[in-house]
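Comments concern the structure below.
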Amino acid sequence: MTEYTDYSLLPHNTFRLDVKAARFMEYSSEEELTAFLASGGLTSPYLHIGGGSNLLFLSDYPGLVLHSSVKGVETVAETDERVELRVGSGVVWDDFVAYTVEKGFYGAENLSLIPGEVGASAVQNIGAYGVEVKDLVVSVDAVEAATGKKRRFTREECRYAYRDSIFKKELKGRYFVTYVTYRLSKLPVFHLDYGNVRAELEKDGMEPTLANVRRVIAAIRSNKLPDPKVTGNAGSFFMNPVVSQEQFDRLQTEYSEMPSYRLDGNRVKIPAGWLIERCGWKGKALGPAAVHDRQALVLVNRGGATGRDVLRLADEVARSVKERFGIEISPEVNLIG
Ligand code: EPU
């Protein structure tokens with residue numbers, strides 16, 4: 027366990043906000059974490075972070091910030107058709123995707139280049155280009171904050187939904203993820219039907235291989251999404267809202283070109299990026315925070331912004347969407363403080 031006090035979180039949040047944690051602790055093994063928790067070392071308030079790619083700090087953090095640097099990828103089951111890999115929560119997500127692509131394991135390639143770490147992938151149910159991490163998760167190993175006791179959650183117990191899981195709801199803050207076991211296919215299975223993935227592959231005459239799909243996804247992402255190493259941001263700031271079929275039908279009479287995805291149960295998901303762009307926000311700044319000029323769902327730190335500057339912009343954006351379309355959009359990023 028490595029402990030720091032008055033620790034700068036600048037390298038731990040992709041919005042690049044210059045905030046401090048009163049205490050910061052990093053553990054490199056499950057044993058270290060369980061021993062720390064069992065000995066009553068946890069003090070309140072506390073916050074467990076991953077790569078900090080989905081957080082907006084509104085102020086300095088007055089308590090203890092924990093971070094996993096549990097590493098390693100272990101094969102725990104294998105047949106001719108599939109493989110199960112148990113991966114440390116502190117492994118960088120995209121390093122894991124690169125590993126699966128190199129080994130010829132199918133399933134994670136559409137999730138290439140998503141910032142963050144393995145632990146958070148299973149909490150947040152990250153998703154992109156028609157794949158969500160829940161499609162790959164077999165089980166999640168976690169440690170109970172209050173006792174240090176280990177528990178394995180099956181995929182069903184994780185109660186996955188769009189960008190959501192039990193770790194964000196009933197068990198929020200109560201368990202720390204140490205390992206995630208993913209199942210990948212050794213036989214080719216591709217998901218090329220989202221957006222322009224297939225078209226981009228075909229345009230360049232590329233065969234659908236793992237490496238090529240990863241290449242195309244990387245190109246699509248870097249064309250639309252700002253690189254957090256260059257411009258502070260946390261990917262999509264808002265979730266895509268879901269409305270009833272009736273509300274959607276009403277909206278469509280006025281906005282026939284509104285994109286949508288039909289869900290089960292008479293519900294329709296609408297891309298928040300489209301709504302925000304339609305309200306004229308794309309590329310617009312409010313002080314040091316701005317709406318990204320190539321994907322309106324992303325808010326960026328133009329340099330020197332505070333969390334409150336970003337939140338002020340987010341509130342204005344949400345207010346316009348509500349006024350114009352009657353739709354509430356809510357943040358996908360976690361607001362801290
Ligand atoms: N659109 C606009 N204007 C914009 C942005 C989008 O009109 O400024 C339209 C697009 O033309 C398209 C539709 O909205 O018709 C969907 O756009 P896109 O494919 O870019 O996806 P998204 O719904 O905006 C979601 C995820 C992203 C993920 C992409 C691709 C959420 C909150 N976001 O965005 O995830 O990369 O799909 O699968 O679900 C993230 O979670 O941080 C993230 C980046």
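Take 27 as the starting number for the sequence shown in our numbering and just add one per residue.
A virtual CB, placed ideally from N, CA and C, is assigned to each residue, including glycine.
By the 10 Å Cβ neighbour count, where 16 or more other Cβ atoms means buried, how is N151 classified, buried or exposed? buried
From which residue to which residue does the alpha helix (DSSP H) around A148 run? V144 to Q150
Determine whether the beta carbon atoms of E143 and V118 lie at a separation below 8 Å. yes
Touching by the beta-carbon criterion (3+ pairs, under 8 Å), the stretch 258-266 and the stretch 317-330: yes
Quick one: does the C-beta of N266 sit closer than 7 Å to a heavy atom of the ligand EPU? yes
On a Cα-Cα basis, can you pick out the residue from V317, N222, V269 and C305 that is closest to I296? V269
Is it true that the CB of D335 sits closer than 8 Å to the CB of A371? Past the boundaries of the shown model lies residue 371; the chain is included only from 27 to 363, so the question cannot be answered.
Would you report the Cα separation of M27 and Y33, rounded to the nearest angstrom? 15 Å
Meets three-Cβ-pair contact criterion under 8 Å: the stretch 202-220 and the stretch 89-98: yes
Check whether the stretch 207-214 and the stretch 129-144 are in contact - that is, three or more C-beta pairs closer than 8 Å. yes
With a threshold of 16 other CB atoms inside 10 Å of the CB of T126, please say whether the residue is buried or exposed. buried
Using CA coordinates, which residue listed in D341, I355 and T332 is at the minimum distance from V45? T332
What are the start and end residues of each continuous alpha helix (DSSP H) run of 4 or more residues lying completely inside the stretch 256-323, in chain order? 271-280 and 298-304
How close, in whole Å, do the beta carbons of Y87 and L73 come, if the pair is a contact with beta carbons under 8 Å? 6 Å
Helix, strand or coil for E135, going by three-state DSSP, please let me know. helix
Residue(s) in a DSSP beta bridge with T28: E52
Going by CA-CA distance only, name the one from D253, A244 and I355 that's closest to E226. A244
Can you grab the Cα-Cα spacing for the pair E170 / R200, in whole Å? 6 Å
With the cut-off set at 8 Å, would you say K84 and G363 are in Cβ contact? The sequence as given places Leu at residue 84; Lys does not occur at that position. Yes.
Does the beta carbon of E100 fall short of 7 Å from some heavy atom of the ligand EPU? no
Taking just the CA atoms, how far does V149 sit from D190? 7 Å
Extent of the continuous alpha helix (DSSP H) run through A344: G333 to F351
Reference L81; option with closest CA among V163, P254 and E233: P254
Residue of S79, G174, M51 and R240 minimising C-alpha distance to F41: S79
Compute every distance between the C-beta of W300 and the non-hydrogen atoms of the ligand EPU, then say whether any falls below 7 Å. yes
Using a Cβ-Cβ cutoff of less than 8 Å, which residues in the same chain neighbour V215 once the five nearest sequence positions on both sides are dropped? Y132 and G133
Counting only runs of 3+ residues fully inside the stretch 172-249, write out the beta strand (DSSP E) ranges in chain order. 176-180 and 201-211
Look at the Cβ atom of V113, then the Cβ atom of Y155, and state whether they are nearer than 8 Å. no
Taking 7 Å as the cut-off, does the CB of E135 come closer than this to any heavy atom belonging to the ligand EPU? no
Distance between M284 and G67 (C-alpha atoms, nearest Å): 52 Å
Less than 7 Å between the CB of Q321 and some heavy atom of the ligand EPU, yes or no? yes
Closer than 7 Å to a non-hydrogen atom of the ligand EPU - does that hold for the CB of K194? no
Say yes only if the C-beta of L250 is nearer than 7 Å to one or more non-hydrogen atoms of the ligand EPU, and no if none qualify. One detail in the question is off: residue 250 reads as Lys in this sequence, not Leu. For the ligand EPU, at least one heavy atom lies less than 7 Å from the Cβ of K250.
Using a threshold of 7 Å, is the CB atom of A154 nearer than that to any non-hydrogen atom of the ligand EPU? yes
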